[in-house]
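Each number in this note's numbering comes from the position in the sequence shown (counting from 1) with 3 added on.
C-beta atoms are modelled at their ideal positions from N, C-alpha and C, and glycine is treated no differently.
It should be emphasised that the depicted structure is a prediction, and the values quoted were computed from it without experimental measurement.
Below is one structure; the comments refer to it alone.
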Amino acid sequence: AEKVTSLGKDWHRPCLRCEKCNKTLTSGGHAEHRHAGGKPYCNHPCYAALFGPKG
4 AEKVTSLGKD WHRPCLRCEK CNKTLTSGGH AEHRHAGGKP YCNHPCYAAL
54 FGPKG
């Protein structure tokens, strides 16, 4: 399987998925939340909805 490096870790490409919606992510096209165990999240909408400012 193809290897990608993101968030300081090596991933199999199909394993780099958003923790919330399970969407496949691209290297550098997502965010991690340190207090959530360093798990990857898509920038929008998942990361913003979970960790962004609350209205």
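Residues that DSSP places opposite residue i in a beta bridge
i          : result
residue 9  : 12
residue 27 : 20
residue 33 : 45
Beta-carbon contacts of residue i that lie in its chain and below 8 Å, excluding the five residues immediately before and after
i          : result
residue 43 : 9, 10, 19, 20, 21, 22, 28, 33, 34, 35
Exposure label - residue i; buried when at least 16 CB within 10 Å
i          : result
residue 24 : exposed
7 Å Cβ shell around residue i - same chain, five flanking residues per side excluded
i          : result
residue 41 : 10, 35
First and last residue of the uninterrupted alpha helix (DSSP H) at residue i
i          : result
residue 52 : 51-54
Pairwise C-alpha distance: residue j and residue i
i          : j          : result
residue 12 : residue 26 : 18 Å
residue 53 : residue 46 : 10 Å
residue 55 : residue 49 : 9 Å
Close beta carbons around residue i, own chain, < 6 Å, minus the five adjacent residues each side
i         : result
residue 5 : 16
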